[in-house]
Amino acid sequence: MRKIAVVATALLAILLVSTLMPCILATSDSSSDGTVLGANDKGDEPPLTGKGTVSGRVLIREIGAYDCKVTFTEMNDNNEMGVEHSITIPKENDGYYSIELDIGRYTAYAEYDKEKNVPPDDRSPIIVVEEGSDIKDVNFRFEMSYPFHGTITFEGSGLGGVTVTLTPISGNPTSVQTNEDGYYSFKGLSGGIYTIDCQKSGFETVTNNIDMSKEYYFNTPMTRSGLPGINGFIEGYDFQHSMMVVSLIGMVTMIIFALGVRFHLMKHPHLILNDEEESDLKND
732 MRKIAVVATA LLAILLVSTL MPCILATSDS SSDGTVLGAN DKGDEPPLTG
782 KGTVSGRVLI REIGAYDCKV TFTEMNDNNE MGVEHSITIP KENDGYYSIE
832 LDIGRYTAYA EYDKEKNVPP DDRSPIIVVE EGSDIKDVNF RFEMSYPFHG
882 TITFEGSGLG GVTVTLTPIS GNPTSVQTNE DGYYSFKGLS GGIYTIDCQK
932 SGFETVTNNI DMSKEYYFNT PMTRSGLPGI NGFIEGYDFQ HSMMVVSLIG
982 MVTMIIFALG VRFHLMKHPH LILNDEEESD LKND
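Note that the sequence shown covers residues 732 to 1015 in the numbering used here.
Laid out in structure tokens, this is it:
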């Protein structure tokens, strides 16, 4: 009987262990919140994968740029720069670009040909690329120094000596004079709206507004000032001033002639006596 009791106790112990073992294993393989940790026992999230698209346009003087490079630089959580991804815009794209990037945070800038004196544009704000995202209108506009030129004419011919003044909305005016062919030019101007004034004595002043980012030159004819429809017969003067000049010349001529006669008579007083004698004879 003793042997039978030992065997029965052993069988009962085996049955009890086999019943409780699955519960013990399930408890040890699970976290406190019921999430299975798997191979990464620290619970870190797996790295993000996937790609998104960023597109936009690069402009110079409101015209699509080409042969310029757009660069996207990876940024970490501390805003430190990492790997760069670049794309060059061909001429046929009219300034438009599109680039596929891995998921992440980026900053971008555009760079033009350094030999043409066009500096890189400012960097963009942080761009967040998510899986399947299509971020549009990440545009760049170059602020460059602009040349500007033109010709001033009168009756179809170049007019020299005209003072041409460019005045920006905020800033100091800059002036040049036209050469004998009526040509003028400016260099190193910034973009924006300018007022252009063309002035010359005897001519009506010409004033216009110029958008320096869109317009390269300004050609204009000038007309004489003075009475409407009447031009002076002296070049550079209207009719009234022409008459004043003629009158002044006539007065000066008369004064010089009178002084000359007086001087001549002072040197030859006998001429006056002879005239007096002839007059007395005629009276007798």
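In this text, a Cβ means the ideal position worked out from N, Cα and C, and glycines have one as well.
For this session: Would you tell me roughly how many angstroms separate the C-alpha atoms of Tyr824 and Asp868, rounded to the nearest one?
Result: If you number the sequence shown from 1, residue 824 lands on position 93. If you number the sequence shown from 1, residue 868 lands on position 137. Here residue 824 turns out to be Asn, not Tyr, going by the sequence shown. If you take the alpha carbons of Asn824 and Asp868, they lie about 15 angstroms apart.
Exercise. According to the neighbour-count rule (16 or more other Cβ atoms, all chains shown, within 10 Å of its Cβ), is Thr909 buried or exposed?
Worked result: Counting from 1 along the sequence shown, the entry for residue 909 is found at position 178. Thr909 is buried by the Cβ-count criterion.
For this session: Measure from the alpha carbon of Glu805 to the alpha carbon of each residue in Asp912, His999, Ser855, Ile820, then state which is nearest.
Result: The count along the sequence shown starts at 1 and reaches residue 805 at position 74. The residue with the shortest Cα to Cα distance from Glu805 is Ser855.
For this session: State buried or exposed for Val789, treating a residue as buried only when at least 16 other CB atoms are found within 10 Å of its CB.
Result: Taking the first residue of the sequence shown as position 1, residue 789 is located at position 58. Using a 10 angstroms sphere on the CB of Val789, the tally of other CB atoms reaches 16 or more, which defines it as buried.
Problem set entry | Val893 (DSSP reduced to helix, strand or coil) | Mapped onto the sequence shown, residue 893 falls at position 162. Three-state result, Val893: coil.
Exercise. Using the rule of at least 16 other Cβ atoms within 10 Å of the residue's Cβ for burial, across every protein chain shown, is Met953 buried or exposed?
Worked result: For this step, residue 953 is matched to residue 222 along the sequence shown. By the 10 Å Cβ count, Met953 comes out buried.
Exercise. Can you tell me the Cα-Cα spacing of Gly981 and Gly991, whole angstroms?
Worked result: Position 250 of the sequence shown holds residue 981. Position 260 of the sequence shown holds residue 991. About 15 angstroms.
Exercise. Along the chain, where does the beta strand (DSSP E) that runs through Met953 open and close?
Worked result: As a working mapping, residue 953 is identified with position 222 in the sequence shown. Unbroken run through Met953: none, as it is neither H nor E.
Exercise. Among Tyr827, Tyr877, Tyr840, Thr882, which has the Cα closest to the Cα of Ser921?
Worked result: Taking the sequence shown and counting its residues from 1, the one referred to as residue 921 is at position 190. Comparing Cα-Cα distances from Ser921 to each of Tyr827, Tyr877, Tyr840, Thr882, the minimum goes to Tyr877.
Exercise. Since Thr894 contacts Gly913 with CB under 8 angstroms, what's their CB separation in whole angstroms?
Worked result: By 1-based counting over the sequence shown, the position of residue 894 is 163. By 1-based counting over the sequence shown, the position of residue 913 is 182. No, Thr894 and Gly913 are not in contact; Cβ-Cβ is about 12 angstroms, not under 8 angstroms.
For this session: Report the partner residues of Met978 according to the DSSP bridge assignment.
Result: Position 247 of the sequence shown, counted from the start, is the residue given in the question as residue 978. Checking the sequence shown, residue 978 turns out to be Ser, not Met. Ser978 is not bridged to any residue.
For this session: May I ask you to report which of helix, strand or coil DSSP gives Ala841?
Result: Locating residue 841 in the sequence shown gives position 110, where the first residue counts as 1. Of the three classes helix, strand and coil, the one that applies to Ala841 here is strand, per DSSP.
Exercise. Measuring CA to CA, which of Tyr843, Asn950, Phe871, Ile927 is closest to Gly887?
Worked result: In the sequence shown, the residue the question calls residue 887 occupies position 156. Distance from the Cα of Gly887 is smallest, within the candidate group Tyr843, Asn950, Phe871, Ile927, for Asn950.
Exercise. With burial defined as no fewer than 16 other Cβ atoms inside 10 Å of the residue's Cβ, what is the status of Leu996: buried or exposed?
Worked result: Reading the sequence shown from its first residue, position 265 is the one you call residue 996. Per the 10 Å Cβ criterion, exposed.
Exercise. Does the Cβ-Cβ distance between Ile820 and Tyr828 come in under 8 angstroms?
Worked result: Taking the sequence shown and counting its residues from 1, one reaches residue 820 at position 89. Taking the sequence shown and counting its residues from 1, one reaches residue 828 at position 97. Yes, they are a contact pair.
Problem set entry | Beta-carbon gap between Glu831 and Lys782 smaller than 8 angstroms | Here residue 831 corresponds to residue number 100 of the sequence shown, with the count starting at 1. Here residue 782 corresponds to residue number 51 of the sequence shown, with the count starting at 1. For Glu831 and Lys782, yes; Cβs fall inside 8 angstroms.
For this session: Tell me whether Met997 sits in a helix, a strand or coil according to DSSP, three-state version.
Result: Here residue 997 refers to the residue found at position 266 of the sequence shown. Helix, per DSSP.
For this session: Would you grab the beta carbon distance between Asp853 and Tyr837 for me? Rounded to a whole angstrom, and I think it's under 8 angstroms.
Result: The residue given as residue 853 occupies position 122 in the sequence shown. The residue given as residue 837 occupies position 106 in the sequence shown. In fact, because the Cβ distance is near 15 angstroms, the residues do not count as touching under 8 angstroms.
For this session: Starting from the C-beta of Ile717, find all residues in its chain whose C-beta is less than 8 angstroms away, skip the five residues before and the five after it, and write them out in chain order.
Result: The structure shown does not extend to residue 717, since the chain spans only 732 to 1015, so no value can be given for it.
For this session: Determine which residues share a DSSP beta bridge with Lys782 and list them.
Result: Position 51 of the sequence shown, counted from the first residue, corresponds to residue 782. Beta-bridge pairing links Lys782 to Asp833.
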